[in-house]
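Asks: Positions in the sequence shown are counted from 1; adding 81 to them yields my numbering. Beta carbons: idealized from backbone N, C-alpha and C, even for Gly.
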Amino acid sequence: MSPAVRACIGLGANIGDPVAALLGAFTALAGLPESRVIATSRLYRTPAWGGVEQPDYINAAALLETRLSAQELLRHLLDIEHCAGRRRDAEAAALRWGPRVLDLDLLLYASEVIHGPGLRVPHPHMHERAFVLVPLADIAPEAEIPGRCTVEQALRRVDAGGIVPIASASA
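#1: Put P99 into one of helix, strand or coil per three-state DSSP.
#2: Near A241, what residues of its chain come up, given a Cβ to Cβ distance below 7 angstroms and the 5 sequence neighbours on each side ignored?
#3: Report the three-state DSSP secondary structure of G261 (helix, strand or coil).
#4: To which residues does DSSP link G91 through a beta bridge?
#5: What are the boundary residues of the alpha helix (DSSP H) that V213 is part of?
#6: Please look up how many angstroms separate the CB atoms of L243 and T127, rounded, as I've assumed it's under 8 angstroms.
#7: On the DSSP letters alone, give me the boundaries of the beta strand (DSSP E) that I119 sits inside.
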């Protein structure tokens, strides 16, 4: 049996009922095989990003301990998105930073750097995005972004203006 590693997941949604989508995703993460949720962040309202006119996002983060490989974990994250109504078809993919019913990103997987088909860890721009760093700092401020710095150090370098906590994950 492979040893358990820690993985950080970023969560976001801005269409439908985003709070319910994130709370449902936390529940689904808690049900993953060979995994357990160690911590969940508060929920945050964050301005939409990427130059597309759309509603604000609700963002959060989860810290897992898992024996799943990074690829297996990603497959489960995509399944959770699909069950929530996310469709990754060509039309949806054409709008890169468009609205999402649910978006789950594998941000960190232990201290690994992975560049494979469909999976890049650490998430390539996480160190520049306050909507990722603010929730992640709730649960893993000391986590190392391989090749960069800690989450807390990265957060000090970005503008977190407009990001507002709205609830704990147990809301």
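Replies: On the basis of the data shown:
#1: Reading the sequence shown from its first residue, position 18 is the one you call residue 99. In this structure, P99 counts as helix in the three-state DSSP scheme.
#2: What you label residue 241 is simply residue 160 of the sequence shown in a count that begins at 1. Contacts found: A211 and V215.
#3: The chain is shown from 82 up to 252; residue 261 falls before or after that span and cannot be answered.
#4: Walking along the sequence shown from the start, residue 91 turns up at place 10. DSSP, once it has assigned bridges, lists A142 and D186 as partnering G91.
#5: For the purposes of this step, residue 213 is taken as residue 132 along the sequence shown, with counting starting at 1. Run containing V213: A211 to I220, per the alpha helix (DSSP H) assignment.
#6: One-based indexing of the sequence shown puts residue 243 at position 162. One-based indexing of the sequence shown puts residue 127 at position 46. Note on identity: in this sequence residue 243 is Gly, with Leu being the wrong assignment. G243 to T127, Cβ: 7 angstroms. Contact.
#7: For the purposes of this step, residue 119 is taken as the residue at position 38 of the sequence shown. Per DSSP, I119 belongs to the beta strand (DSSP E) from S116 to T121.
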